[in-house]
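Using the numbering used here, read the sequence shown as starting at 102 and increasing by one per residue.
Just below is one structure, and these are the notes that go with it.
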Amino acid sequence: MSTQQRQGSGRASGRAPAARDAERTPALPPNAAFWLAPAAVAAVIGVVAGLQLTGAAAPRALSDPGAVVRWGLPVAQMTTYLSMAVVIGCLLFAATLVPAFADRRRPRSRAVPDRDAEHPAFRRLMTAAAAGGVVWTLAAIVVTVLTYSDVSGSRLSAAPAFTAQLAYFVTTLGTGQAWLTITVIAALVSTLALGVRNITGLALTTLLALGATIPLSLIGHAASAGDHEGATSSLGLHLVGISLWVGGIGALAVAAPALGALTGVTLRRFSALAGVAYVLVFASGVVNAAIRLGDWGALGSPYGLLVVAKTVATVVLGVFGFAHRRWVIPRFDSGRLGARRVMSQLVVGEIVVMAATMGLGTALSRSPTPVPEDLTPDASPAYLLSGYDLPPELTPGRMLTEWRWDWLWIAVALLAAVGYLRGVWVLHRRGDAVPVLRTISWLVGCLALVYVTSGGLAVYGRVMFSIHMVDHMALTMVVPLFLVVGAPITLALRALRPRTDGTRGPREWILRVVHSRYSALITHPVVAAVLFGGSLLVFYYTPLFGFALTEHVGHELMNLHFLLTGYLFVLVLIGIDPLPRRPVYPLRLVLLLATMAFHAFFGVTLMSSTTLLEPDYFGNLGRPWGLSPIADQQLGGAFAWGIGEIPTLVVAIGVAVMWSRADTRESRRRDRAADRNNEAELSAYNDMFARLAEGGAPAQPGRPGDSPTIRPTGGPSTPAAGRASTATRPASGTDPDDPAKETS
Ligand code: HEM
């Protein structure tokens, strides 16, 4: 009796024989060629049609690399996108949606991977991930060689000069380095997909594969003129959305023949993710198109027409998604017949339209854009250094009116706000309440994040050190303060339903991360304080600052680092979300004081500095208004000191309030205990003194009622109580709405 049969009969014994038969009938024929072949044809048709429309593959008058390169490169590029997406989709399914083992009760050893016990759908996904990884690696190598031929205009050849130039291209030039990075990531991922079976390892491999979208978003049209950072971020989000959505549908097609009774639940779980990815792809595509088109009048251009075609295709794909939700999933839930057939038809149809759209997207990325890409010869120094012209002179009003959209953080803030409100809604519907203040605080935190990364602070922070410092302080102290008070983990653990089928859903992953050794390390109060304070020195007195000022990736990594270190520090000090360890209140205040002192020291150093940080940047911006660069830097020092202390003070007040509340709670608890056990503690205490008075030996510590050093008031802050607790203690007796207690 095969595993599938055992599943069928074991689980659905209550279902009608027809339903059970249907359940055993695989949704899609096991042979992937069934959907791969039409997908490949559709993709090629899409890319060829797109290139025909824009003429991007037409012979060139000068340095024509030849037809093989002009047509081969877009096809290889599209193969790279498709295989990358399928690999990411399969790994994601294996790490979050499909159980690794068919029979969770079967004992397993950590040492010897028990491949026979693997769930057949899991095994199919891992095979497809490994095979897709090989295709991805080979396609990326082909793209690298053809791209060199394309940009250099030299025809493909085996001549040593060609290979020498190619080697120079991949090691020295941005586009070459990006494709080399993508190739290395692809090779690594396919190797890992062959060997890794540990779910955490699979999740990390998925993240590594997703990492390839970063170099991909830095090349092509996004790398050239016109809102470079907006184009890069929106393209990056576009590629992430596409990989999750297209990859997810591909993974569904791979796994469906072996999912059996899990088909419905897997489809429902994926549908939630697909919905988010759909919105991400749509919105980022429109943003990127707006940057490339310049104005909507350009929609009539060949490039514009391709954008329209893609938009129509995306709407059609939306209808597919809607059909899944509206018809297929309810059919599975109600066990009605035909669900499988409808699903397979929809999935194959969806894959074909998606593949064609991928083809169009690739053609788009190779076609000339209405907004010229070339750098204007009279580009300003500020433009050459930061990628943007100087904003108008700084005024208080312009702090509110000058914006430069950072689509990455806008997407993060939107997802965070919508996710949080959804959690509140789930609890509300369940009859549970979430303190309104927390929700407001979280939403204010999300809004502040958008302002700090896209508003006046971000725009002027690029050309004035002083404003950069205010921006930094806001990102690392003010935004986290609001976010931490929102207690998102507590909400997520309350709102998310635990999985019971052995898969690791969002709730399981959150618990795993919160209780991981890594989390124990970075949330250790001293580590969090050093990361928070020490980053200032490491960042401003090393080339990292220059990297963040001139490179988009550097800038986003800076934002991420400051936000995370600030969040961790504030979480450790005043957060109620679950943590592996919580520092005692005195230590929290000591850490705060130390950080305040450090900020003051850092600020004063800058205020008295006469050496310009990043002189090649701040010294060459050519800013005709405001303070001189050095005076502006000294003002930045004053801001670091002054502004940095305000949120620190707020946190200190927060710690003091929490401390007094904890004390009150503790004494109430002791009073309740004393009421319950009739002051046993007090009488033991008095007995001890009576015995001492009679010259007898005191009672042994730890036995009930005999903690002799506790005064009748029951306050915890006596030296004896101190002995009972170390500087940080395991988080117990935390706030009753701390769902992490389930795991401790
Ligand atoms: C509203 C719908 C969409 C719009 C407006 C849109 C727009 C764009 C734009 C403007 C680009 C950048 C092209 C360039 O570099 O000049 C792009 C790239 C791309 N799009 Fe879309 N897109 C949409 C939906 C989709 C969908 C649904 C898919 C796939 C199923 C897709 C796949 C791609 C691919 C593969 C690229 C190439 C990425 C690269 O150059 O690295 N797009 N899209």
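The beta-carbon is built from N, C-alpha and C at its ideal position, and this holds for glycine as well.
The model shown is predicted, which means the values in this text are computed figures rather than measured ones.
I want to check one thing, is the minimum distance from the CB of residue 458 to the heavy atoms of the ligand HEM below 7 angstroms?
yes
Is residue 241 near the ligand HEM, with its Cβ less than 7 angstroms from a heavy atom?
no
Once the 5 residues before and after residue 230 are set aside, which same chain residues still bring their CB inside 6 angstroms of it?
188, 191, 192 and 294
Does the Cβ-Cβ distance between residue 551 and residue 514 come in under 8 angstroms?
yes
Excluding the 5 residues preceding and the 5 following residue 376 in the sequence, name in chain order all residues of the same chain whose CB lies nearer than 6 angstroms to its CB.
Nothing meets the Cβ criterion.
Would residue 153 and residue 463 be called neighbours here (beta carbons separated by less than 8 angstroms)?
no
Give a single yes or no on whether residue 448 has its beta carbon closer than 7 angstroms to a heavy atom of the ligand HEM.
False, no ligand heavy atom lies under 7 angstroms from that Cβ.
Between which residues of its own chain and residue 137 is the CB-CB distance below 6 angstroms, once the five residues before and five after are set aside?
none
Residue 219 in three-state terms, based on DSSP
strand
Span of the beta strand (DSSP E) around residue 682:
It spans 682-684 - the beta strand (DSSP E) in which residue 682 sits, taken as one unbroken run.
Per DSSP, residue 202 is paired with what?
219
To which residues of the same chain is residue 698 closer than 8 angstroms at the C-beta, ignoring the five residues directly before and after it?
none
Quick one: complete beta strand (DSSP E) runs, 3+ long, within the segment 730-758?
none
8 angstroms contact criterion, which residue 465 and residue 407 should meet: CB distance rounded:
5 angstroms
Beta-carbon proximity check, residue 571 vs residue 722, cutoff 8 angstroms:
In this structure, residue 722 does not lie closer than 8 angstroms to residue 571 by Cβ.
Distance check for residue 279 and residue 273, CA to CA, integer angstroms please.
Pairing residue 273 with residue 279, the inter-Cα distance amounts to about 10 angstroms.
So what does DSSP say about residue 616, is it helix, strand or coil?
In this structure, residue 616 counts as coil in the three-state DSSP scheme.
Within the same chain, show all residues whose beta-carbon is closer than 7 angstroms to that of residue 770, passing over the 5 residues directly before and after it, in chain order.
none
Start and end of the alpha helix (DSSP H) containing residue 376?
364-394
Residue closest to residue 702, alpha-carbon to alpha-carbon, out of 651, 659, 635 and 645
635
Helix, strand or coil for residue 565, going by three-state DSSP, please let me know.
For residue 565, the three-state secondary structure derived from DSSP is coil.
Assuming residue 578 contacts residue 740 under a Cβ cut-off of 8 angstroms, what Cβ separation, rounded to an integer in Å, is found between them?
Residue 578 to residue 740, Cβ: 12 angstroms. No contact.
Using DSSP with H/G/I as helix, E/B as strand and the rest coil, what is residue 337?
helix
Should residue 779 be flagged as near chain D, meaning a C-beta pair shorter than 8 angstroms?
Looking at the structure shown, chain D is missing, and only one protein chain is on hand.
Determine the extent of the alpha helix (DSSP H) in which residue 47 is found, giving its start and end residues.
Residue coverage of the chain in this structure runs from 102 to 845, which leaves residue 47 outside it and unanswerable.
Is it right to say residue 776 is buried, meaning 16 or more other beta carbons lie within 10 angstroms of its own, or is it exposed?
So residue 776 counts as exposed.
Pairwise C-alpha distance: residue 149 and residue 251
17 angstroms
Is residue 182 near the ligand HEM, in the sense that its beta carbon is under 7 angstroms from a heavy atom of that ligand?
yes
If we require 3 or more residues per run, which beta strand (DSSP E) segments fall completely within the segment 637-708?
682-684
Would you say the segment 159-177 touches the segment 476-493, given that touching needs at least three Cβ pairs under 8 angstroms?
no
Flag residue 656 as yes when its Cβ comes closer than 7 angstroms to any non-hydrogen atom of the ligand HEM, and as no otherwise.
Checking every heavy atom of the ligand HEM against the Cβ of residue 656, none is found closer than 7 angstroms.
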